[in-house]
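Chemist: Once you know that position 158 of the sequence shown is 166 in the numbering used here, the rest is easy, because the numbers rise by one and skip nothing.
Quick one: the structure is below, questions incoming.
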Amino acid sequence: MNNLKLNNSNIVSYIEDIFERRGNEIYAGEDVTVSEHMLQSGTIAKKRGLSNEIVVASLLHDIGHFNSEFGMFTMDDKKDRFHETMGAKILKPFFPQIIVDCVYFHVSAKRYLTAIDKDYESKLSRASKHSLNLQGGPMNPKEVEKFEKNPNLNAIIQVRYIDDEGKDPEMDTFPFSYFTPLIEETIHNSERMIID
Ligand code: FE
Numbered sequence: 009m010n011n012l013k014l015n016n017s018n019i020v021s022y023i024e025d026i027f028e029r030r031g032n033e034i035y036a037g038e039d040v041t042v043s044e045h046m047l048q049s050g051t052i053a054k055k056r057g058l059s060n061e062i063v064v065a066s067l068l069h070d071i072g073h074f075n076s077e078f079g080m081f082t083m084d085d086k087k088d089r090f091h092e093t094m095g096a097k098i099l100k101p102f103f104p105q106i107i108v109d110c111v112y113f114h115v116s117a118k119r120y121l122t123a124i125d126k127d128y129e130s131k132l133s134r135a136s137k138h139s140l141n142l143q144g145g146p147m148n149p150k151e152v153e154k155f156e157k158n159p160n161l162n163a164i165i166q167v168r169y170i171d172d173e174g175k176d177p178e179m180d181t182f183p184f185s186y187f188t189p190l191i192e193e194t195i196h197n198s199e200r201m202i203i204d
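Here's what the structure looks like:
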């Protein structure tokens, strides 16, 4: 990743380029592409008037599917795996912790919600139900207790619900460029937090 010389000034245009170049790739088992799914998620969050952090986390939550773009690809990888871990690693140097947490825990949040809400699983898409089992199934009570200690729990859950909704082949979205200033603002705020 360091070889790519990514920094706070070029990370946003780098991500935009990935959205554009790889926008036609099909989202694993869903009716929309990964890029469409992420743009839909960002658009839903923005239209609900949620904070910039939630909007940006929703927009970027699946960036880990493109881990090979960030020099995180090894010859053993048959495809992009553990995309939530990869996504958090990609974003951590630039973005505030709340965004990194929303990305890192968006899969755990599905395991959490299936454990605490018996109706949640029935609302998931087929692909999401399928991956739930591969991801460990519903959390056990100990895992639930630990997960609830995360100070960013509410934000993580919000992003998870938005993730579940952003899979509509008919939905119109804002273009990536609409989000650019919001993304830059969260990066800027993150810098200030480190300096303060
Ligand atoms: Fe997603």
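Just so you know, even glycine gets a beta-carbon here, dropped at the ideal spot from N, CA and C.
Owing to the predicted nature of the structure, the values given are computational and were not obtained by experimental measurement.
Shorter than 7 angstroms, the distance from the beta carbon of Asp70 to the closest heavy atom of the ligand FE, or not?
Modeler: Reading the sequence shown from its first residue, position 62 is the one you call residue 70. It does: the Cβ of Asp70 is within 7 angstroms (strictly closer) of some heavy atom of the ligand FE.
Chemist: Go ahead and pull the three-state DSSP assignment for Thr93.
Modeler: Numbered from 1 along the sequence shown, position 85 holds the residue referred to as residue 93. Three-state DSSP puts Thr93 in a helix.
Chemist: For Glu199, collect the residues of the same chain with a Cβ closer than 8 angstroms to its Cβ; drop the 5 residues on either side in sequence, then sort them by chain order.
Modeler: Locating residue 199 in the sequence shown gives position 191, counting from the first residue. The answer, listed in chain order, is Asn16.
Chemist: Hey, Ala53 and Cys110: beta-carbon distance below 8 angstroms or not?
Modeler: As a position in the sequence shown, residue 53 is number 45, starting the count at 1. As a position in the sequence shown, residue 110 is number 102, starting the count at 1. No, these two residues do not count as a Cβ contact at 8 angstroms.
Chemist: Please tell me whether, using a cut-off of 7 angstroms, the distance from the CB of Asp109 to the nearest non-hydrogen atom of the ligand FE is below it.
Modeler: In the sequence shown, the residue the question calls residue 109 occupies position 101. Not under cutoff, so the answer is no.
Chemist: What's the gap between the Cα of Asn10 and the Cα of Pro101?
Modeler: For the purposes of this step, residue 10 is taken as residue 2 along the sequence shown, with counting starting at 1. For the purposes of this step, residue 101 is taken as residue 93 along the sequence shown, with counting starting at 1. Residue placement at Asn10 is poorly supported in this model, since its pLDDT is 46, which falls under 50; the coordinates still yield a value, given next. Roughly 11 angstroms separates the two Cα atoms.
Chemist: With a threshold of 16 other CB atoms inside 10 Å of the CB of Pro149, please say whether the residue is buried or exposed.
Modeler: Position 141 of the sequence shown, counted from the first residue, corresponds to residue 149. Exposed.
Chemist: Does the distance from the C-beta atom of Val167 to that of Ile124 stay below 8 angstroms?
Modeler: Numbered from its first residue, the sequence shown carries residue 167 at position 159. Numbered from its first residue, the sequence shown carries residue 124 at position 116. Going by C-beta atoms, Val167 is not nearer than 8 angstroms to Ile124.
Chemist: How long is the line joining the alpha carbons of Thr188 and Asn141, rounded to whole angstroms?
Modeler: Position 180 of the sequence shown, counting from 1, holds the residue named residue 188. Position 133 of the sequence shown, counting from 1, holds the residue named residue 141. Their backbone Cα atoms lie some 35 angstroms apart in a straight line.
Chemist: To which residues does DSSP link Thr41 through a beta bridge?
Modeler: Taking the first residue of the sequence shown as 1, we reach residue 41 at position 33. Bridge partners of Thr41: Ile34.
Chemist: Less than 8 angstroms between the C-beta atoms of Asp176 and His69, yes or no?
Modeler: Reading the sequence shown from its first residue, position 168 is the one you call residue 176. Reading the sequence shown from its first residue, position 61 is the one you call residue 69. Contact flag unset, no.
Chemist: Please state whether the Cβ-Cβ distance between Gly50 and Leu67 is less than 8 angstroms.
Modeler: Mapped onto the sequence shown, residue 50 falls at position 42. Mapped onto the sequence shown, residue 67 falls at position 59. Taking 8 angstroms as the Cβ cut-off, Gly50 and Leu67 qualify as a contacting pair.
Chemist: Taking C-alpha atoms, which residue in Glu173, Asp180, Ile19 and Val64 lies nearest to Ser133?
Modeler: Position 125 of the sequence shown, counted from the first residue, corresponds to residue 133. Ranking Glu173, Asp180, Ile19 and Val64 by Cα distance to Ser133 puts Glu173 first.
Chemist: Check whether the Cβ atoms of Pro159 and Arg119 lie closer than 8 angstroms to each other.
Modeler: In the sequence shown, residue 159 corresponds to position 151, counting from 1. In the sequence shown, residue 119 corresponds to position 111, counting from 1. Result no, Cβ atoms of Pro159 and Arg119 do not sit closer than 8 angstroms.
Chemist: Just checking Asp171 against the ligand FE - is the residue's beta carbon closer than 7 angstroms to any of the ligand's heavy atoms?
Modeler: As a position in the sequence shown, residue 171 is number 163, starting the count at 1. Yes, Cβ of Asp171 sits closer than 7 angstroms to a heavy atom of the ligand FE.
Chemist: Looking at Ile26 and Phe74, is the spacing between their C-beta atoms short of 8 angstroms?
Modeler: Numbered from its first residue, the sequence shown carries residue 74 at position 66. Numbered from its first residue, the sequence shown carries residue 26 at position 18. Against a cut-off of 8 angstroms, the Cβ pair of Ile26 and Phe74 comes out as a contact.
Chemist: Does the distance from the C-beta atom of His114 to that of Gly37 stay below 8 angstroms?
Modeler: Mapped onto the sequence shown, residue 114 falls at position 106. Mapped onto the sequence shown, residue 37 falls at position 29. No, the pair does not count as a contact, with Cβ atoms beyond the cut-off.
Chemist: Are the beta-carbon atoms of Tyr28 and Val42 separated by less than 8 angstroms?
Modeler: As a working mapping, residue 28 is identified with position 20 in the sequence shown. As a working mapping, residue 42 is identified with position 34 in the sequence shown. For the record, residue 28 in the displayed sequence is Glu; it is not Tyr. No, they are not a contact pair.
Chemist: In three-state terms, what does DSSP make of Lys54?
Modeler: Here residue 54 refers to the residue found at position 46 of the sequence shown. Correct three-state label for Lys54: helix.
Chemist: Leaving out five residues on either side along the sequence, give the residues of the same chain with a beta carbon under 7 angstroms from the beta carbon of Asn60.
Modeler: Walking along the sequence shown from the start, residue 60 turns up at place 52. Result list for Asn60: Leu190, Glu193 and Thr194, in chain order.
Chemist: By the three-class DSSP mapping on this structure, what secondary structure does Asp88 have?
Modeler: Reading the sequence shown from its first residue, position 80 is the one you call residue 88. Residue placement at Asp88 is poorly supported in this model, since its pLDDT is 43, which falls under 50; the coordinates are not used for a value here.
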